[in-house]
Each structure stands twice: as structure tokens, then as C-alpha cells.
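This report concerns only the one structure given below.
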Amino acid sequence: MNVPPARPETPTRRREAAAGAALALVAALLVGLVALVGSGGDAGRPAASPTSAPASSPAPAPVPPPIPDEGTPGGVTTPPAPSTGPADALAPLLPAVALDAPASGDDGVSAEVVSLEAVDGTGSGVGNVAGPALRVTVRLAAGTAGPVVLDLVGVTLAHGADQTPASPLDDPSAAPLTGPLAPGSVAEGVYVFSVPEDARELVTLTVGYRADAPYLVFTGAAP
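Residue numbering for the sequence shown follows my numbering, starting at 1432 and increasing by one per position.
Below is the structure:
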């Protein structure tokens, strides 16, 4: 059996094959270019500056609504201020009376200055300086509201126009009030204070006998 010889490729077919290959290459390049533009076309562009966007002010903080309160007109009240506590407040002073007059509180407790003497004070220890002094004898009478703890009684003295506090002296004649004082009972205590002789035209004596009671106050000229 005779096989016919292969026909040689003609120039026309070679040109057609080359043209097809060129078209395929161009199509592949076009596909790659489209993919590049779709995915990373903006990669070469400079990023926008953060300062190019207009600045915006922060939103104001919300204001809490008023607290409803049915017990006040309009049903609204403001929160109360924090309390500093009773420890921050001092007991009030009752109106001053003369040195020779009695003073009394609302609970029936009363006090009076039995005597006020000029002495040469002495003492030992820190704060004790011998020299001109006033010796004060105070009488305290308990009311009917209850006993008074005399160990908690405080007696102070100030002198002069600017009411300078006088330093207490641990003088041998001093005998402060002490112990319990039953209702209806009376007790006396002696206190000594350093007071210059030229600063006695006005003295103020205060007596505190209970933390929740006002101070009893006496004022006048001292010897």
C-alpha cells in the first residue's frame, strides 16, 4: 500500500499561524492589563493627607437629666451637695453675759464665774511659763436632761482687743472639773491662764460642757 507523501506547508498557512499566535499574545496582554487596572490601578496614586479632611469638633457630653422628686414643686430637685460631716462644724456660741452673771443652755445646764483673781502663775512642763496669770473658778450646775461628764468640760480664755487665746497653766492651784455630775448637782473647777497685766481690759471666758450644746460665754474686764 502506497502512502501519499505529506504536502509541504504553504507560505499562506505559515502566515495564518503566525497571525493567530500574535492575536493570542495580544489577547493575553489585554487580559493582564485589565486585571492590573481593576486591582491595583490606584496603587500609584498618592494617599490623601490626613489633614486634608475637614476637622470636626467632638460631640458635647450628654447632660444628665434632673432627678425626679415628687415631694418638691414641679417634681424636680437638684442633687444635694456632699456633707462634710458633723466633725467639721464647731458648736455655736451663746450670747455673752457679764462675768458676774450666770449663763445657761437650753438643756438647763448653767454656769457662773465664782471668782476671777490676778495671781503669779507657776507650772512645769511644755507650755508652762511662770508669770502674771488669772485664776478662774467656774461653777457648773447640771440640768434635768441627764448627767454631765465633767471630764469633757472645756474652759478657755481670750484677752485684749484682738482676743488673743491665753495659755493654760498647770499651776498647783488649778483643779479642773472631773467626774460625773448628776442632774440637779453642782460642781466647781479652778483654771489658771497666763495673761499679761496690760491685756486685761477685756477678757472672754467660754465654757463647753457637751459636744452637742452651745458654748456658754462670759466677758468683761479682769483685775
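From the three backbone atoms N, C-alpha and C, an ideal C-beta is built for every residue, glycine too.
According to the DSSP assignment, T1553 belongs to no beta strand (DSSP E), since it is labelled neither H nor E. Annotated three-state conformation of A1630 is helix, per DSSP. Short of 6 Å from the beta carbon of V1550, and not among the five residues preceding or following it, lie these beta carbons of its own chain, in chain order: A1564 and R1566. Put simply, of P1533, A1532, D1643 and V1623 the residue whose alpha carbon is nearest the alpha carbon of A1589 is V1623. In the three-state reduction of the DSSP assignment, L1581 falls in the helix class, which pools H, G and I. In the three-state reduction of the DSSP assignment, V1540 falls in the coil class, being assigned neither a helical nor a strand state. The region 1578 to 1595 and the region 1524 to 1535 do not touch, with fewer than 3 CB-CB distances between them shorter than 8 Å. Assignment of P1526 by DSSP, reduced to helix, strand and coil, places it in the coil class.
By the neighbour-count definition (other C-beta atoms within 10 Å, threshold 16), E1619 is an exposed residue. T1595 and V1580 have their C-alpha atoms some 28 Å from each other.
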